[in-house]
Amino acid sequence: MADPLIDRLAELRSADPDPVRSARTRERCRTALARRTAPSPAPDPQRRRRWPTLWPHAVTILGALYLVQALVLAFRFYATR
Amino acid sequence: MVVNRDQELALVERLRRGDADAFDEVHGAFNRRLFTFLVRVSRRRDVAEDLLEETWLRLVKHAARLDADTSLGAWLFTIARNLHVSYRRSRLLEDASGEQLMTLWPAGTSTASPFEETAASELERRIERALAAMPAASREVLLLVGVAGLDHADAADVCGITPQTLRQRLHRARAALSTALAEDASRAPRPIEEVTPWPTR
Numbered sequence: 001m002a003d004p005l006i007d008r009l010a011e012l013r014s015a016d017p018d019p020v021r022s023a024r025t026r027e028r029c030r031t032a033l034a035r036r037t038a039p040s041p042a043p044d045p046q047r048r049r050r051w052p053t054l055w056p057h058a059v060t061i062l063g064a065l066y067l068v069q070a071l072v073l074a075f076r077f078y079a080t081r
Numbered sequence: 082m083v084v085n086r087d088q089e090l091a092l093v094e095r096l097r098r099g100d101a102d103a104f105d106e107v108h109g110a111f112n113r114r115l116f117t118f119l120v121r122v123s124r125r126r127d128v129a130e131d132l133l134e135e136t137w138l139r140l141v142k143h144a145a146r147l148d149a150d151t152s153l154g155a156w157l158f159t160i161a162r163n164l165h166v167s168y169r170r171s172r173l174l175e176d177a178s179g180e181q182l183m184t185l186w187p188a189g190t191s192t193a194s195p196f197e198e199t200a201a202s203e204l205e206r207r208i209e210r211a212l213a214a215m216p217a218a219s220r221e222v223l224l225l226v227g228v229a230g231l232d233h234a235d236a237a238d239v240c241g242i243t244p245q246t247l248r249q250r251l252h253r254a255r256a257a258l259s260t261a262l263a264e265d266a267s268r269a270p271r272p273i274e275e276v277t278p279w280p281t282r
């Protein structure tokens, strides 16, 4: 719904900022923006879910290797006596 | 330069990626509108220049964290408005008098706004005078909707109120402006020939 008074406000004159300062600000902002990189993408939820399921298996395998190695060392030690 | 919603979303996406050319486009579209808004709310050109610069620096600082569906107009005007509110608050604390601290938005002063001084037409001068004399909360909704051309939802976001409250505030502000203009017109001197006709001999 058109309102003549509000429409009249839209016709009020605009103000122009100082062009030199505006150009300086724009350049400063451009430089700052160009230095910035896009935010790092959110971590892949698939990968995030995979980790909690993988680490118990990894610990089991490493534990088994440790046990085998300990047994091998023990057998070698007693075999030499 | 007016940007439609699709262009705006594309600009937001490019800003998020740090595209300096996108910043130029946003600057071109909003710099004058923001400055006009800031001059009218602060009624000081030097303050408006400072706040404008800070608004753009804030955009750069937060560009990477903008939401993909950000409404740039609402975002920029919100920052500009908040900066002005902070400025007003700091000024009030500086020249603290108890009465002034009662309200963040003191009513208009008697000093003429820069616009009022340079307004071309009589009607424009009267509107500027009436706007400058309005309470700032009313003035800002008229400036955001009427002058800056924000839609009601965006203007409500800028002011931190619901669209319903904004509509009510706008309605009251519009009525107050209309009344002020009518009163101003009734106070205005009539054309000189009607008031003091030269006696004919």
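If you read the sequences in order, they're chains U and G.
Counting from 1, position 21 in the first sequence corresponds to residue 21 in the numbering used here; the numbering is continuous, with no gaps.
When you read off a place in the second sequence, starting at 1, and then add 81, the result is the number in the numbering used here.
C-beta atoms are modelled at their ideal positions from N, C-alpha and C, and glycine is treated no differently.
Within chain G, the residues that Thr53 of chain U reaches when beta carbons sit closer than 8 Å: Within the first sequence, the letter at position 53 stands for residue 53 of chain U. Correct list: empty, because the minimum Cβ distance to chain G is about 31 Å.
CB contact check: Ile61 of chain U to chain G, cutoff 8 Å: In the first sequence, residue 61 of chain U corresponds to position 61, counting from 1. No, its Cβ sits nowhere closer than 8 Å to a Cβ of chain G.
Inter-residue spacing [alpha-carbon to alpha-carbon] between Asn112 of chain G and Asp238 of chain G: On the second sequence, position 31 is the one that residue 112 of chain G refers to. On the second sequence, position 157 is the one that residue 238 of chain G refers to. For Asn112 of chain G and Asp238 of chain G, the distance between alpha carbons rounds to 19 Å.
Three-state secondary structure assigned by DSSP to Arg97 of chain G: Taking the second sequence and counting its residues from 1, one reaches residue 97 of chain G at position 16. Three-state DSSP puts Arg97 of chain G in a helix.
Cα-Cα separation, Trp55 of chain U to Arg95 of chain G: Numbered from its first residue, the first sequence carries residue 55 of chain U at position 55. Numbered from its first residue, the second sequence carries residue 95 of chain G at position 14. Roughly 39 Å between the two C-alpha positions.
Buried/exposed call for Gly241 of chain G, threshold 16 Cβ in 10 Å: Position 160 of the second sequence holds residue 241 of chain G. Exposed, by the Cβ-count rule.
Closer than 8 Å to chain G by CB, Ala38 of chain U: As a first step, residue 38 of chain U is located in the first sequence; it is residue number 38 there, counting from the start. Per-residue confidence for Ala38 of chain U stands at a pLDDT of 48, beneath the threshold of 50, marking its modelled position as unreliable; no derived number is given.
Below-8 Å beta-carbon distance, Ala15 of chain U vs any chain G residue: Translated into the one-based positions of the first sequence, residue 15 of chain U becomes position 15. Judged by the 8 Å Cβ criterion, Ala15 of chain U is in contact with chain G.
Local conformation of Val84 of chain G per DSSP, three classes: Here residue 84 of chain G refers to the residue found at position 3 when the second sequence is read from its first residue. Three-state DSSP puts Val84 of chain G in coil, outside helix and strand.
Cβ neighbours of Thr53 of chain U in the same chain (closer than 8 Å, five flanking residues each side left out): By 1-based counting over the first sequence, the position of residue 53 of chain U is 53. Counting only Cβ-Cβ distances below 8 Å, and skipping sequence neighbours, we find nothing.
Buried versus exposed, by CB contacts within 10 Å (16 or more), Glu134 of chain G: What you label residue 134 of chain G is simply residue 53 of the second sequence in a count that begins at 1. That one is buried.
Where Ala188 of chain G falls: helix, strand or coil (DSSP): On the second sequence, position 107 is the one that residue 188 of chain G refers to. Residue placement at Ala188 of chain G is flagged as unreliable, the pLDDT there being 40, under the threshold of 50; the coordinate-derived value follows with that caveat. Looking at Ala188 of chain G - three-state DSSP - the assignment turns out to be coil, as it is neither helix nor strand.
Val59 of chain U CB to nearest heavy atom of the ligand FMN below 7 Å: Among the components modelled here there is no ligand, and therefore nothing to report on the ligand FMN.
The stretch 142-155 of chain G touching the stretch 250-269 of chain G, judged by at least three CB pairs closer than 8 Å: no
Alpha carbon of Arg13 of chain U to alpha carbon of Asp100 of chain G, nearest angstrom: Taking the first residue of the first sequence as 1, we reach residue 13 of chain U at position 13. Taking the first residue of the second sequence as 1, we reach residue 100 of chain G at position 19. Between Arg13 of chain U and Asp100 of chain G, the C-alpha separation is close to 32 Å.
Beta carbon proximity, Asp105 of chain G to chain U, threshold 8 Å: Mapped onto the second sequence, residue 105 of chain G falls at position 24. Chain U contact via Cβ: present.
Proximity of Leu251 of chain G and Val228 of chain G at Cβ, strictly below 8 Å: Within the second sequence, numbered from 1, the residue matching residue 251 of chain G stands at position 170. Within the second sequence, numbered from 1, the residue matching residue 228 of chain G stands at position 147. The answer is no: Cβ separation not under 8 Å.
Supposed contact pair Glu130 of chain G and Asp18 of chain U - C-beta distance, whole angstroms, cut 8 Å: Mapped onto the first sequence, residue 18 of chain U falls at position 18. Mapped onto the second sequence, residue 130 of chain G falls at position 49. Right, their Cβ atoms sit about 6 Å apart.
Pro56 of chain U (DSSP reduced to helix, strand or coil): Looking up residue 56 of chain U in the first sequence gives position 56. If DSSP states are grouped into helix, strand and coil, Pro56 of chain U belongs with the helices.
Own chain partners of Thr190 of chain G with C-beta closer than 6 Å, once the 5 adjacent residues on each side are dropped: As a position in the second sequence, residue 190 of chain G is number 109, starting the count at 1. Note that Thr190 of chain G scores 43 on pLDDT, short of 50, meaning its location in the model is unreliable; the coordinates nonetheless yield the value given after this. Around Thr190 of chain G: no qualifying Cβ.
Own chain partners of Ser202 of chain G with C-beta closer than 7 Å, once the 5 adjacent residues on each side are dropped: As a first step, residue 202 of chain G is located in the second sequence; it is residue number 121 there, counting from the start. The answer is none, since no qualifying residue turns up.
Per-residue DSSP class, three states only, for Ser152 of chain G: Position 71 of the second sequence, counting from 1, holds the residue named residue 152 of chain G. The answer is coil: DSSP assigns Ser152 of chain G none of H, G, I, E or B.
For Leu231 of chain G, the three-state DSSP class (helix, strand or coil): Within the second sequence, residue 231 of chain G is the residue found at index 150, counting from 1. If DSSP states are grouped into helix, strand and coil, Leu231 of chain G belongs with coil.
Distance CB(Leu231 of chain G)-CB(Ala155 of chain G) smaller than 8 Å: Residue numbering aside, residue 231 of chain G sits at position 150 when the second sequence is read from its first letter. Residue numbering aside, residue 155 of chain G sits at position 74 when the second sequence is read from its first letter. Yes, these two residues count as a Cβ contact at 8 Å.
Inter-stretch contact (C-beta, 8 Å, three-pair minimum) for the stretch 112-129 of chain G and the stretch 209-223 of chain G: yes
Whole-Å CB distance - Leu132 of chain G paired with Leu164 of chain G, under 8 Å assumed: Position 51 of the second sequence holds residue 132 of chain G. Position 83 of the second sequence holds residue 164 of chain G. Yes, they are in contact, since the Cβ atoms of Leu132 of chain G and Leu164 of chain G sit about 5 Å apart, within 8 Å.
Between the CA atoms of Arg172 of chain G and Leu182 of chain G - distance to the nearest angstrom: The sequence position of residue 182 of chain G within the second sequence is 101, counting from 1. The sequence position of residue 172 of chain G within the second sequence is 91, counting from 1. Any reading at Leu182 of chain G needs caution, since the residue's pLDDT is 36, under 50, leaving its predicted position unreliable; the model's value is listed next. About 10 Å.
Residues, ordered as in the chain, of the stretch 205-226 of chain G that lie near chain U by beta-carbon distance below 9 Å: Glu205, Ile208, Glu209, Leu212, Leu223, Leu224, Val226
CB-CB length for Ala32 of chain U against Val141 of chain G, believed under 8 Å: Taking the first residue of the first sequence as 1, we reach residue 32 of chain U at position 32. Taking the first residue of the second sequence as 1, we reach residue 141 of chain G at position 60. The Cβ separation is near 5 Å, so the contact holds.
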